[in-house]
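J.:
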Amino acid sequence: MSLRLFEWEDFHWFPGTLRVLVTDVLRFLVSRLRLYRPAVAVLVACLKAASAPRIIDLGSGSGGPLPDLAPELSRHLGRPVDILLTDRFPPPRWPEDSPCRYWLRPLEATAVPPDWPGVRTLFNAFHHFPPEQAGRILQQAVLAGEPIAVFELVNRHPLTVALICLLPLVVWLVTPFIRPFSWQRLVWTYLLPVVPLVVWWDGLVSCFRVYSAEQLYRLARSIQAPGYRWRWGQQRRLGLVQLQYFVGMPESRKAGADPDLD
3 MSLRLFEWED FHWFPGTLRV LVTDVLRFLV SRLRLYRPAV AVLVACLKAA
53 SAPRIIDLGS GSGGPLPDLA PELSRHLGRP VDILLTDRFP PPRWPEDSPC
103 RYWLRPLEAT AVPPDWPGVR TLFNAFHHFP PEQAGRILQQ AVLAGEPIAV
153 FELVNRHPLT VALICLLPLV VWLVTPFIRP FSWQRLVWTY LLPVVPLVVW
203 WDGLVSCFRV YSAEQLYRLA RSIQAPGYRW RWGQQRRLGL VQLQYFVGMP
253 ESRKAGADPD LD
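Its first residue numbered 3, the sequence shown is counted upward by one per residue in the working numbering.
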């Protein structure tokens, strides 16, 4: 059973400066450890089944893994992939040389414009939404006739919870290597350790909020999705981290075999 505890980043009043510092740490770890590298196969299958070679990422935070995955996705497809990042709390600016674009206006994951074509993705973000909103996210992808892919790195396994408890130490160790350099980052990490504590708390709560495979299938059955096929899978990364995915794809445009991370 999922526990709907709070995460600091979910609150609209959570200071924007701290939000950026927290998501920067997560982006750094995901990028350096290449935790989402196995997701490429799933994304390629989804892109082949989409109406356009485009990804609309929801709850992108500081960018997530897609800027790192973009070149490999383009190589697999033999053409550029247009990637649009979105968030309820977008960053104040975005680098022009990034392989992804950022929609720098607030966008709720439950309110994607229906005329935006392409695969809908959520990386470690789906657990933030209660069942009613989570079902709405799946439903709007179905109404648009587009694939949707949900990825999660957290779960309720004791090993995962133990790893999360080490996050404050990890944050203290990696902060000097995070770019761009920021004095605020040092202050809020070492002098006033708000960033490591928020990363730890939100990570721990995420483990208990994440949807199980059974709950995800139940969500999919609760919406109107004729002609859609749903698939859950998982793969261990770096021997410790378990990447889970849940994909919905229209049968009429299902490209070849089921998406697989193996």
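All C-beta atoms, glycine included, are put in the ideal place defined by N, C-alpha and C. No experiment lies behind these values; they were computed from the predicted model shown.
Rounded C-beta distance between valine 46 and histidine 14? I'm assuming under 8 Å.
T.: The residue given as residue 46 occupies position 44 in the sequence shown. The residue given as residue 14 occupies position 12 in the sequence shown. Not a contact, Cβ separation roughly 36 Å.
J.: Contact defined as beta carbons within less than 8 Å: I believe valine 152 pairs with phenylalanine 248. What is the distance between those atoms, to the nearest angstrom?
T.: Translated into the one-based positions of the sequence shown, residue 152 becomes position 150. Translated into the one-based positions of the sequence shown, residue 248 becomes position 246. Between phenylalanine 248 and valine 152 the Cβ distance is about 4 Å, and since that is below 8 Å, they are a contact.
J.: Is glutamine 217 helix, strand or coil when you go by DSSP?
T.: For this step, residue 217 is matched to residue 215 along the sequence shown. Looking at glutamine 217 - three-state DSSP - the assignment turns out to be helix.
J.: Indicate the three-state DSSP secondary structure (helix, strand or coil) for glutamine 237 in the structure shown.
T.: As a first step, residue 237 must be located in the sequence shown, where it is residue number 235. Strand.
J.: Residue range of the alpha helix (DSSP H) that glycine 18 falls in?
T.: By 1-based counting over the sequence shown, the position of residue 18 is 16. It spans 18-35 - the alpha helix (DSSP H) in which glycine 18 sits, taken as one unbroken run.
J.: Who are the Cβ neighbours of asparagine 157 in its own chain at under 7 Å, not counting the five residues just before and after it?
T.: Within the sequence shown, numbered from 1, the residue matching residue 157 stands at position 155. If we look at asparagine 157 and ignore the five residues flanking it on each side, its Cβ neighbours are Cys209, Val212, Gln244, Gln246.
J.: Name, in chain order, the residues that DSSP records as bridge partners for glycine 250.
T.: For the purposes of this step, residue 250 is identified with residue 248 of the sequence shown, where counting begins at 1. Looking at the DSSP assignment, glycine 250 forms a beta bridge with Ile150, Trp232.
J.: Check for me: the beta strand (DSSP E) holding isoleucine 57 runs from which residue to which?
T.: Taking the first residue of the sequence shown as position 1, residue 57 is located at position 55. 56-60 is the span of the beta strand (DSSP E), which, as asked, contains isoleucine 57.
J.: Counting only the same chain and skipping the five closest in sequence on each side, list residues whose C-beta sits under 8 Å from that of valine 27.
T.: By 1-based counting over the sequence shown, the position of residue 27 is 25. Cβ within range, chain order: Val173, Val176, Thr177, Ile180, Val197, Val201.
J.: Can you find a C-beta in chain D that's less than 8 Å from the C-beta of arginine 90?
T.: In the structure shown, chain D cannot be found, because there is only a single protein chain.
J.: For glutamate 134, count neighbouring Cβ atoms within 10 angstroms of its own Cβ and tell me buried if that reaches 16, exposed if not.
T.: Within the sequence shown, the letter at position 132 stands for residue 134. With fewer than 16 other Cβ atoms within 10 Å, it is exposed.
J.: Could you tell me the distance, in whole angstroms, from the CA atom of proline 93 to the CA atom of leucine 87?
T.: Taking the sequence shown and counting its residues from 1, one reaches residue 93 at position 91. Taking the sequence shown and counting its residues from 1, one reaches residue 87 at position 85. Each residue's Cα considered, the two are about 11 Å apart.
J.: Give me, in chain order, the residues of the same chain whose beta-carbon lies closer than 7 Å to that of valine 24; leave out the 5 immediate sequence neighbours on both sides.
T.: Along the sequence shown, read from residue 1 onward, the residue named residue 24 stands at position 22. The answer, listed in chain order, is Glu11, Val197, Val200, Val201.
J.: Under DSSP, the beta strand (DSSP E) around valine 121 begins and ends at which residues?
T.: As a working note, residue 121 is residue 119 in the sequence shown. Note, valine 121: beta strand (DSSP E), 121-125.
J.: In angstroms with no decimal places, state the Cα-to-Cα distance between leucine 145 and cysteine 48.
T.: Here residue 145 refers to the residue found at position 143 of the sequence shown. Here residue 48 refers to the residue found at position 46 of the sequence shown. Rounded to the nearest angstrom, the two C-alpha atoms are 16 Å apart.
J.: Which of the three DSSP states is assigned to leucine 245 in this structure?
T.: If you number the sequence shown from 1, residue 245 lands on position 243. Looking at leucine 245 - three-state DSSP - the assignment turns out to be strand.
J.: Relative to the C-alpha of tryptophan 185, which candidate in Phe8, Glu9, Thr19 has its C-alpha closest?
T.: For this step, residue 185 is matched to residue 183 along the sequence shown. Among Phe8, Glu9, Thr19, the Cα nearest to that of tryptophan 185 belongs to Thr19.
J.: So, under 8 Å CB-CB, proline 101 and proline 73 are touching, yes? Tell me the CB distance rounded to an integer number of Å.
T.: Locating residue 101 in the sequence shown gives position 99, where the first residue counts as 1. Locating residue 73 in the sequence shown gives position 71, where the first residue counts as 1. With a Cβ gap of about 7 Å, proline 101 and proline 73 count as contacting.
J.: Hey, how far is the Cα of aspartate 264 from the Cα of leucine 169?
T.: Numbered from 1 along the sequence shown, position 262 holds the residue referred to as residue 264. Numbered from 1 along the sequence shown, position 167 holds the residue referred to as residue 169. Model confidence at aspartate 264 stands at a pLDDT of 45, short of 50, so the residue's coordinates are unreliable and nothing is read from them.
J.: For leucine 263, which of helix, strand or coil comes out of DSSP?
T.: Here residue 263 corresponds to residue number 261 of the sequence shown, with the count starting at 1. In this prediction, leucine 263 has a pLDDT of 46, which is less than 50 and means its spatial position is unreliable; nothing more can be read from the coordinates.
J.: Among Leu35, Ser33, Leu71, Ser53, which has the Cα closest to the Cα of leucine 43?
T.: Locating residue 43 in the sequence shown gives position 41, counting from the first residue. It should be noted that the sequence gives alanine, not leucine, for residue 43. Among Leu35, Ser33, Leu71, Ser53, the Cα nearest to that of alanine 43 is on Leu71.
J.: Is it buried or exposed, phenylalanine 131, if we count other Cβ atoms within 10 angstroms and call 16 or more buried?
T.: Reading the sequence shown from its first residue, position 129 is the one you call residue 131. So phenylalanine 131 ends up on the buried side.
J.: Alanine 259: buried (16+ other C-beta within 10 angstroms of its C-beta) or exposed?
T.: Translated into positions along the sequence shown, residue 259 becomes position 257. Only weak support is given to the placement of alanine 259: the predicted model assigns it a pLDDT of 47, under 50, and the value that follows is read from those uncertain coordinates. Exposed, by the Cβ-count rule.
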